[in-house]
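Just below is one structure, and these are the notes that go with it.
Residue numbers (the numbering used here), protein chains in the order written: chain P, 229 to 340; chain A, 57 to 170.
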C-alpha cells in the first residue's frame, strides 16, 4: 500500500519569507514517481514537478525548489521569498503505477 | 492549451437521485480519472480508465460507477446519491505510458446532496 503524509495542515507566512512543505511517503515499490501539485483558490490543480525514484538530484525552478531524500523517504518543497500568489493548497503525491496517492495537503497563506 | 472541462461547477441533488458528472478532455489522452476531495483527506481515487470502455476501481469505488464510451469523455455516476457523497469531485487525464506522465485536472464539481 502507498501512503503519503503531509504533517503540516496549515502554514501562514509574511511575504518574502521562505516556506518549506514536508512530504513523507511509504511504498514497497522500488520504482515510483513523486509529484507536487498546487491548488489555488480557483480550485484547479496545477502540476509543479515530477521526480522518479532513481533521480535524487535536487531541483530548482525559479523560487521553487525540491529536496528528494530516498534514505528518509521524503520529498520536501521550498518556496523562497514567498509571494501572495503562492497562497494555495499544495499536495504531494506518489505513484508506482498509474494511480496517484495524494497526501492530505498543506494550506499555505502568504500575507502581504 | 491543455483542457479538462467538467459539466458543472456546482450541483445540488436530493438523496436517492441518480447523478451524472461529466468530464471532457481535448488532449487525446488515453487515461482518465475521477477523484473526490474532502478536507483533511486530500484526493482519493474513485475510478480510472485507461482506454475506451475500460475501467478500473480506485480506492473508494463503492456507490459509484463510470462510463467511457468515447476517448474524450469520462462520466461518473452516483446510482443513488447519499449525503455522504457530498464532496468536491475532480476529473483528470493523462497520456498512456506508465506513471511518468502528469495528470491534468479539471476545475472540479462541488456536489451537495441534501
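Don't be surprised by glycine CBs; every beta carbon is placed ideally from N, CA and C.
| message | Measuring straight from C-alpha to C-alpha, what distance separates residue 300/P and residue 250/P? | response | What you label residue 300/P is simply residue 72 of the first chain in a count that begins at 1. What you label residue 250/P is simply residue 22 of the first chain in a count that begins at 1. Their Cα atoms are separated by approximately 12 Å.
| field | Classification of residue 290/P by the beta-carbon crowding that lies within 10 angstroms, buried from 16 upward | value | Position 62 of the first chain, counting from 1, holds the residue named residue 290/P. Residue 290/P comes out exposed.
| said: Rounded to whole angstroms, what is the Cα-Cα separation between residue 339/P and residue 314/P? | reply: Within the first chain, the letter at position 111 stands for residue 339/P. Within the first chain, the letter at position 86 stands for residue 314/P. Straight through space, the alpha carbons of residue 314/P and residue 339/P are spaced by roughly 10 Å.
| What number of angstroms, rounded off, separates the C-alpha of residue 243/P from the C-alpha of residue 304/P? | Working through the first chain from its first residue, we reach residue 243/P at position 15. Working through the first chain from its first residue, we reach residue 304/P at position 76. So the two alpha carbons sit approximately 20 Å from each other.
| query | Going along chain A in order, which residues have a C-beta closer than 8 Å to the C-beta of residue 272/P? | reply | Here the question's residue 272/P lines up with position 44 in the first chain. Chain A residues near residue 272/P: 161, 162, 163, 164.
| task | Tell me whether residue 105/A sits in a helix, a strand or coil according to DSSP, three-state version. | result | Your numbering for residue 105/A matches position 49 in the second chain. Residue state, collapsed to three classes: strand.
| said: Determine, for residue 67/A, whether the minimum Cβ-Cβ distance to residues of chain P falls below 8 Å. | reply: Residue mapping note: residue 67/A aligns to position 11 of the second chain, counting from 1. No, residue 67/A lies away from the interface with chain P (no Cβ there is under 8 Å from its Cβ).
| To the nearest whole angstrom, what separates the beta carbons of residue 298/P and residue 284/P, a pair I think is in contact under 8 Å? | In the first chain, the residue the question calls residue 298/P occupies position 70. In the first chain, the residue the question calls residue 284/P occupies position 56. That pair is a contact at about 6 Å.
| query | Sorted by chain position, which residues of the same chain lie with C-beta nearer than 6 Å to residue 78/A's C-beta, five sequence neighbours on each side aside? | reply | Position 22 of the second chain holds residue 78/A. For residue 78/A, where only same-chain residues beyond five positions count, the Cβ hits under 6 Å are 63, 131.
| said: For chain A, check one thing: does any of its Cβ atoms lie closer than 8 Å to the Cβ of residue 263/P? | reply: Here residue 263/P is taken as the residue at index 35 of the first chain, counted from 1. Yes, its Cβ sits closer than 8 Å to a Cβ of chain A.
| field | Proximity test, Cβ basis, 8 Å: residue 249/P and chain A | value | The residue labelled residue 249/P in the question sits at position 21 within the first chain. False, the Cβ-Cβ gap to chain A never drops below 8 Å.
| field | Three CB pairs or more closer than 8 Å across the segment 79-86 of chain A and the segment 141-154 of chain A | value | yes
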